[in-house]
Amino acid sequence: MQQQRCDSFKLKKIMIHLGLLGSGLFVATTTIYAQTLPINEEISVDKNQATVTSELADRVQLPTITLTATQDSTRTEGTQAYTTRKVSTGKFEQSLRETPQSISVMTRQQLDDQNISNLKEAMSQATGVTVTTNGAFAETGYNIRGYRAIQQQDGLSVGSDDSYTLAPARDMEMYDRVEILRGPAGLLEGNGDPSGIINMIRRRPTAEAEGFVNLSYGSWNNKRVSVGANNRLNEAGSVRGRVILTHQDKDFFYDHANENRSSAYAIVEADLTDKTMLTSSINYSQSESVPFYGWPPHGGGFSRKDYFGADWNKTKVPNAFEGRLDLEHSFENDWKVKLSTIYLNQDLKAQMAIATTPNFETQKTSYYGYKKESEQSLYGGELSVSGKFNLLNQEHDLILGGTWSNSNHQVGTATSYDNPNRPDDWNSGDLRHPLVRPDAIPDPNLDKTEKQVVKSSLYGALKYKLHDDLILTMGGRFSNYEEKSRGIGSNNSSDWEKSAAKVTMEFTPYAGLVWNFSKDLSWYASYTDIFSPQTEQDWQGNTLKPRVGWQVETGIKGEFYDGNLQSSLSIFRLRDQNKATLDRNPEHYPNRYCEGDGINPATFGCSVAGGENQTEGVELELVGKVTDQWNVMASYVFTDAQVLKTNSTAWWDYAVGSNFAAYTPRHAFKLWSTYNFNRGLSIGGGLNAQSSLEDSTTGQHNPGFTVFNAHVAYKVNPQIDLSLNLNNLFDKSYFAGMGYAANRWMYGEPRNYMFTLRARY
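Just so we're aligned, residue 237 is where the sequence shown starts under our numbering, counting upward by one.
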């Protein structure tokens with residue numbers, strides 16, 4: 237127990253609203269001596285209990301107020317802030333200034349202000365993140381510094397080893413915040429693109445009864461409801477639970493397409509002893525949508541309302557399940573041991589008609605039918621020991637741990653191409669009205685494959701205080717990787733075959749230095765290696781060698797107004813070698829190891845190891861409270877991604893000096909700000925702007941764009957809020973991303989609105 241005494245202050249005015257939210261202590265409004273305390277002020281407390289005593293002797297005598305709660309200095313729910321005191325991404329729980337890499341946080345308040353309901357919407361507003369969408373399967377990818385980012389939930393990977401992750405359109409109602417670490421994270425993940433980490437942090441239970449109901453309605457018949465409840469589950473409050481349910485049903489701005497999603501999230505915390513806590517959570521979701529492969533290049537002269545596809549197009553995720561168990565025990569000497577396990581499973585079924593390259597003069601094309609069925613699962617865990625120790629009159633931090641995961645992916649696909657001799661059997665030639673039928677497409681399970689990936693690692697990190705204001709972080713990770721695959725369809729049944737991409741105890745080092753050279757500012761620098769095994773094969777059946785590389789980064793971070801306003805400036809350079817790319821040499825086709833006929837590049841399946849790529853850039857961010865009423869999030873990112881060396885033995889896609897990250901803009905600026913007036917009124921707005929995109933391999937070009945958004949909200953009373961969000965305020969017609977030569981050009985949403993009522997009790 238700790239007591240915080242305030243008896244040195246005289247009272248002018250005091251207004252206190254106290255509530256226990258989540259696992260932290262929240263003081264909503266406290267004015268002492270005409271000074272407003274920071275909303276997310278950190279209080280030093282015992283791990284499980286906190287006592288705050290206010291004694292204003294002399295002029296006014298007030299009764300002692302005692303609160304008991306679980307302390308969580310990283311939690312953002314209820315803080316009304318765009319900043320957080322500490323982050324958990326990076327193994328150590330520490331402030332952003334103490335983290336020697338670029339990291340951003342989207343808090344619960346910002347998610348609510350921008351009315352963000354899924355991860356795709358969140359990442360479109362995040363610093364340094366580019367969203368790429370495959371409209372066909374509702375699959376979404378997130379690129380950081382030119383590469384695909386890795387997704388985590390509370391520090392554990394929730395991604396498969398394929399292009400897209402499990403449960404890609406996560407509902408954000410179950411999360412307290414999203415932490416985005418930019419740049420390679422070899423200490424956190426043993427393999428993957430050298431991009432960064434998107435770490436989604438779950439909402440935790442509270443010890444007091446409370447709940448919410450959110451109702452939303454918007455453009456294109458967009459209906460959404462979410463409800464949640466918290467409470468202690470026994471009289472002592474040692475067992476706490478939380479439940480959140482969501483459902484959304486909406487159409488799209490283009491014809492015929494719609495989507496509905498439902499999710500259920502439940503979490504229970506139990507204090508087994510005063511030093512041991514067990515946490516269990518589950519998340520179950522379902523979704524069904526009408527897929528869309530997008531417009532022809534630059535729209536092909538068609539409007540944003542036109543839909544190209546069959547009336548039987550459908551993507552269904554009948555089952556997406558996540559289960560998690562965490563056990564944590566704290567010792568008396570500031571050390572703790574933690575065990576975390578996770579299990580994920582997702583099924584997907586899809587069928588659609590896809591347009592080939594159209595004739596823009598006749599506005600006609602051929603379609604082909606496509607079916608896909610897949611089941612993905614992953615189970616894994618992490619065991620770690622961490623704590624503090626004293627050496628040479630300084631306190632240092634150490635963590636040691638290990639991770640393991642096993643992912644399994646079963647997938648079957650089938651395609652029926654247009655018969656050029658009998659086009660009437662397939663389509664009318666009209667882009668809008670294809671005649672291709674699903675019964676002409678074979679069963680996708682006839683050629684089904686199964687892939688299993690097993691990963692494990694041992695890691696360690698030391699945060700060593702060289703001086704009160706100089707901290708050196710050193711660490712490394714030993715990674716193991718093994719993969720095998722087989723055919724399980726009636727047409728391709730085969731035995732397990734192990735990939736040559738096996739890795740044993742591969743070491744990835746990491747080092748970072750932070751210098752707090754003033755009260756508000758810190759300088760940092762970091763270095764990390766890149767290592768990622770590859771499973772692609774060349775035309776002779778050889779598995780490509782692993783990707784290797786490195787990144788160096790330096791910058792300055794600031795915290796102002798007691799940490800309520802945070803800023804960062806980072807400069808980085810990243811080198812990446814041997815990245816697999818398609819082999820487009822027609823002399824290598826056909827062959828027994830990979831698909832392709834040497835004529836149609838869309839069928840080429842062989843790969844080559846690339847030369848060397850470089851990404852370098854600058855990232856600036858300002859986020860937090862400029863004043864007590866004014867929140868802001870502003871960022872600018874410059875990214876230069878180019879080919880330094882090509883593989884002279886390969887039919888290379890890119891020329892030296894060309895941009896290899898065609899879907900990452902060179903310039904990107906994002907702004908969001910809100911201002912709270914008296915009497916409950918707040919207004920806000922922002923913009924997203926990016927420069928043009930170029931693909932040197934296809935000649936495709938997507939112009940840059942700027943989109944403006946607006947927000948107005950009114951607090952009817954302490955329990956009820958009303959808000960209106962307007963997106964694409966000036967109805968800008970633009971393409972959110974660059975597609976292919978035939979399709980996948982996705983228009984950005986036209987002007988739209990969303991009205992929301994939030995009620996709390």
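Beta carbons are placed, not taken as given, at the ideal position from N, Cα and C, and that holds for glycine.
| Query | Result |
| --- | --- |
| Beta carbon of Ser340 nearer than 9 Å to that of Arg418 | yes |
| Same chain, Cβ closer than 6 Å to Arg673, neighbours up to 5 away in sequence not counted | none |
| Contact check, Asp1006 vs Ser353, beta carbons under 9 Å | With the chain represented from 237 up to 997, any question about residue 1006 goes unanswered, as that position is not in the structure. |
| Contacting residues, own chain, Cβ-Cβ under 7 Å from Ala898 (five flanking each side not counted) | Leu929, Glu930, Asp931 and Met974 |
| Chain C contact for Tyr615 (CB, 9 Å cutoff) | The structure shown contains no chain C; it is built from a single protein chain. |
| Under 9 Å between C-beta atoms of Ala546 and Tyr603 | yes |
| Enclosing alpha helix (DSSP H) for Met410 [first to last residue] | Unbroken run through Met410: none, as it is neither H nor E. |
| Strand pairing of Ser918, partner residues [DSSP] | Asn912 and Ala949 |
| Expected contact under 8 Å - CB spacing of Arg809 and Glu848 to nearest Å | Actually they are not in contact, since the Cβ atoms of Arg809 and Glu848 sit about 12 Å apart, beyond 8 Å. |
| Per-residue burial, Thr942 [other beta carbons within 10 Å of its own, 16 or more giving buried] | exposed |
| Beta-carbon spacing of Arg560, Ser539 below 9 Å | no |
| Cα-Cα separation between His824 and Tyr763, rounded to whole angstroms | 39 Å |
| Outcome for Gln865 when other beta-carbon atoms lying within 10 angstroms are tallied against a minimum of 16 | exposed |
| Environment of Asn276 [buried if 16+ CB atoms lie within 10 Å] | Caution is warranted here: a pLDDT of 44 is assigned to Asn276, below 50, making its placement in the model unreliable, and the coordinate value is therefore given only provisionally. Buried, by the Cβ-count rule. |
| Burial state of Val288, where buried means 16 or more other Cβ atoms lie within 10 Å | Low confidence applies here, because Val288 scores a pLDDT of 42, under 50, leaving its location unreliable; read the following figure in that light. Val288 should be labelled buried. |
| Residue from Asn470, Asn467, Leu424 and Lys585 whose Cα sits closest to the Cα of Ser620 | Leu424 |
| Proximity of Ser452 and Val463 at Cβ, strictly below 9 Å | no |
| Three CB pairs or more closer than 8 Å across the region 378–391 and the region 428–435 | yes |
| Contact the region 672–690 vs the region 700–713: 3+ CB pairs below 8 Å | no |
| Local Cβ density within 10 Å of Trp732, reported as buried at 16 or more and exposed below that | exposed |
| Local Cβ density within 10 Å of Ser726, reported as buried at 16 or more and exposed below that | exposed |
| C-alpha distance - Gln612 paired with Ala747, whole-angstrom precision | 35 Å |
| 6 Å CB neighbourhood of Ala409 in its chain, flanking five on each side removed | The question names Ala, but residue 409 is Glu in the sequence shown. Answer for Glu409: Ser462, Ile480 and Thr482, listed in chain order. |
| Nearest to Asp390 (by Cα), restricted to the options Glu415, Ala443, Val367 and Thr366 | Glu415 |
| Bridge partners - Ile590, DSSP secondary structure assignment | Tyr604 |
| Spatial neighbours of Asn964 in its chain, beta-carbon cut-off 8 Å, leaving aside the 5 residues before and after | Val943, Phe944, Asn945, Gly984, Glu985, Pro986, Arg987 and Asn988 |
| CA-to-CA distance, Val526 to Tyr184, given in whole angstroms | Outside the shown range of the chain (237 to 997) lies residue 184, about which nothing can therefore be said. |
| Segment limits, beta strand (DSSP E) that includes Glu631 | Gln630 to Ser652 |
| Gly617 - DSSP class collapsed to helix/strand/coil | strand |
| Inter-residue CB distance, Arg321 and Ser331 (contact presumed, cutoff 8 Å) | 6 Å |
| Sequence-distant residues of its chain with Cβ nearer than 6 Å to Trp981 (five each side left out) | Gly530, Trp531, Pro533, Phe971 and Gly975 |
| Secondary structure of Lys684, DSSP reduced to three states | coil |
| Span separating the alpha-carbon of Leu907 from that of Pro336 | 24 Å |
| Endpoints, the alpha helix (DSSP H) within which Ser455 is located | No alpha helix (DSSP H) holds Ser455; DSSP gives it neither H nor E. |
| Ser843, enclosing beta strand (DSSP E) - first and last residue | Ser843 to Ala845 |
| Buried or exposed by the 16-neighbour rule on C-beta atoms within 10 Å, applied to Leu702 | exposed |
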